[in-house]
């Protein structure tokens, strides 16, 4: 098929063998690429019940159907079974890694386990397994520098010390500044003793209609780069989002205990503050060619240390507002640290913010922590805690696997540990938006802000949550589509634009309806696999206790995530119904899998239904 290499590379680290396989057009038509292809591979090759940190788990880097082909299409999707949640989990990453990988393969599968540290070197359509003993134990910035000295035109995916030590909130860092951040996927590579994947530029796959494709490429790029409608994003990226979130009562401030904060406080971590430190991006920062630019590149000095980093909203808010640290140089340094250690900034900030609340409540003290922690706003303590978590030392060993396991290990504080299915919430409190908490409760990976935003923006008390479920599903499908195509969610393509571009690339006619159907199919197979593993939807599609507490002030004052528990249950039932899943059990119906052109999954859907019936007694 045009637009693809029609090729997958498989690296077996146990045997040391690399094999190359054809990617059939039939699989592409059903799963497209990126998230869809990655989920299909994990579903087929990693049985439910597999230990995520065992050699039996597999790790997939999957490029999207349009990765590297259209403006703002730099995404690669990392997919594996998550060590944090035990769910099939995906996390997209930017910079040049995805487009360069697409120059060789549509996907890279890493399986087994190496006895010694290795890195993978991809060039000329081949993969080499190379010794990484001299890189193991070193930080991502140092490793990148060493690898670029040897491979100056390459892009790389890196695993830091957190991944080496199997922290369940370890991430994968691309070219030092971007990440596949969620789900602890860095620990999967760490468990396989993979320190890095280094990719040289390859040859772009050919598109079916190159002349019209190039014309549209230029048309879209110019539109996004010049239209005044996108000027705020082009100027600030996501860095000004804390002010928006705070004004809506949706910020994560103080471990989600104060979703509304005044603008003068939010502005300390806002876009104008960040821009004070902005500099020209370095050569390896691929995003400088993007017409939108979701992040700024800054140079900051903190406590005598000068460093460069590329901060964006989630990292700023979770390592700053969620912990009560409203000092941008300090927060920028924390971002620099988690990039170097290879840690999910969202999970790290959420876990430290939770610990600070524990201190504020008198539930933990210096005797257990090992040093004095004042609570919210303690930048000195946050710096220490990040290092201890990465190194699994002292209190850091308790915190290194995320907030759910931390509260369970300490045996207290779980009522204000903010997570869904073990994954920490991102930096958007759903009490400020009607039906939004349902997106967190039902998302395939756990709490994620990238699984559908209900429209229009209203407060939970303004009407039944079920009324906005159709719009949430539309948003979820659109998010899946961008992750299957490898495009960025901040580049404002309409779905019709993507269908048109994908049709021109592949030479086949694709409609928005068919793309949505493929998104629906991917979510359904994820649900079947996770149910056959451990998820019991009527019980586990739930939100944390914190979001049942009404907000205390601001525009969302008096609002919890739903009007009441019945409002939540009715909305969840409506979501299941519209998805073609069992209305009470939350499992895809066998006839739905037939309708989605996936009859081969019908038997598994039947088994999943029986499993949940047995677990629940329904």
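Numbering (the UniProt record's numbering), first residue to last: 1 to 618.
A virtual CB, placed ideally from N, CA and C, is assigned to each residue, including glycine.
Here the structure is a predicted model, which means the values were calculated and not measured.
In the three-state reduction of the DSSP assignment, residue 588 falls in the strand class.
Under the three-state reduction of DSSP output, residue 425 falls in the coil class, being neither helix nor strand.
If you ignore the 5 residues before and after residue 207, its C-beta comes within less than 7 angstroms of the C-beta of 2, 3, 69, 213, 504 and 505, all in its own chain and listed in chain order. Bounds of the beta strand (DSSP E) holding residue 90 are 88 to 93. Rounded to the nearest whole angstrom, the CA to CA distance from residue 267 to residue 140 is 30 angstroms. Contact between residue 41 and residue 129 is ruled out by a C-beta separation of about 20 angstroms, above the 8 angstroms threshold. Contact annotation: residue 5 and residue 104 have beta-carbon atoms nearer than 8 angstroms.
The shortest C-alpha to C-alpha distance from residue 283 to any of 464, 467 and 95 is the one to 95. Beta-bridge annotation (DSSP): residue 59 is paired with 80 and 110. The beta carbon of residue 44 lies closer than 8 angstroms to none in the same chain, with the five residues before and after it left out. For the 8 angstroms CB-CB criterion, residue 75 and residue 487 form a contact. In the three-state scheme derived from DSSP, where H, G and I count as helix and E and B as strand, residue 404 is classed as helix. Excluding five sequence positions before and after residue 458, the CB atoms of its chain that fall closer than 8 angstroms to its own CB belong to 433, 434 and 468, given in chain order. Straight across, the Cα-Cα distance linking residue 163 with residue 339 is about 12 angstroms. Residue 494 counts as exposed, since fewer than 16 other beta carbons sit within 10 angstroms of its beta carbon. Counting along the chain, residue 299 sits inside the beta strand (DSSP E) bounded by residues 298 to 302. Between the stretch 313 to 326 and the stretch 130 to 137 there are fewer than three inter-stretch CB-CB distances shorter than 8 angstroms, so the stretches are not counted as touching.
Rounded to whole angstroms, the gap between the alpha carbons of residue 234 and residue 270 is 15 angstroms. In this structure, residue 125 and residue 202 form a Cβ contact; the two beta carbons are roughly 7 angstroms apart against a cut-off of 8 angstroms. Taking C-beta separations shorter than 7 angstroms and ignoring five residues to either side along the sequence, the partners of residue 534 in its chain run 86, following chain order. With at least 16 other beta carbons inside 10 angstroms of its own, residue 92 counts as buried. Across the structure, residue 402 and residue 444 are spaced so that their CA atoms are roughly 18 angstroms apart. Under the three-state reduction of DSSP output, residue 215 falls in the helix class. DSSP, reduced to helix, strand and coil, places residue 613 within a helical segment of the structure shown. The continuous beta strand (DSSP E) containing residue 179 extends over residues 178 to 180.
Straight through space, the alpha carbons of residue 422 and residue 476 are spaced by roughly 20 angstroms.
The alpha-carbon of residue 355 is positioned some 18 angstroms away from that of residue 259. Contact between the stretch 188 to 201 and the stretch 225 to 239 is absent, with fewer than three C-beta pairs closer than 8 angstroms. Assigned with DSSP and collapsed to three states, residue 192 falls in coil, not helix or strand.
The bridge partners DSSP lists for residue 10 are 19 and 109.
A contact is defined here as three or more CB-CB pairs under 8 angstroms, and the stretch 576 to 595 fails this definition with respect to the stretch 505 to 515. Excluding sequence positions up to five before and after residue 242, its CB lies within less than 7 angstroms of the CB of 251, 266, 269, 270, 313, 316, 317 and 321, all in the same chain and listed in chain order. Within the same chain, and ignoring the five residues on either side of residue 582 in sequence, the residues whose Cβ sits closer than 7 angstroms to its Cβ are 576, 589 and 609. Residues of the same chain with a CB within less than 8 angstroms of the CB of residue 473, apart from the 5 flanking positions on each side, are 452, 575, 578 and 579 in chain order. With a cutoff of 8 angstroms on beta-carbon distance, residue 348 and residue 173 are scored as not near each other. Take the alpha-carbon of residue 307 and the one of residue 341: they are about 15 angstroms apart.
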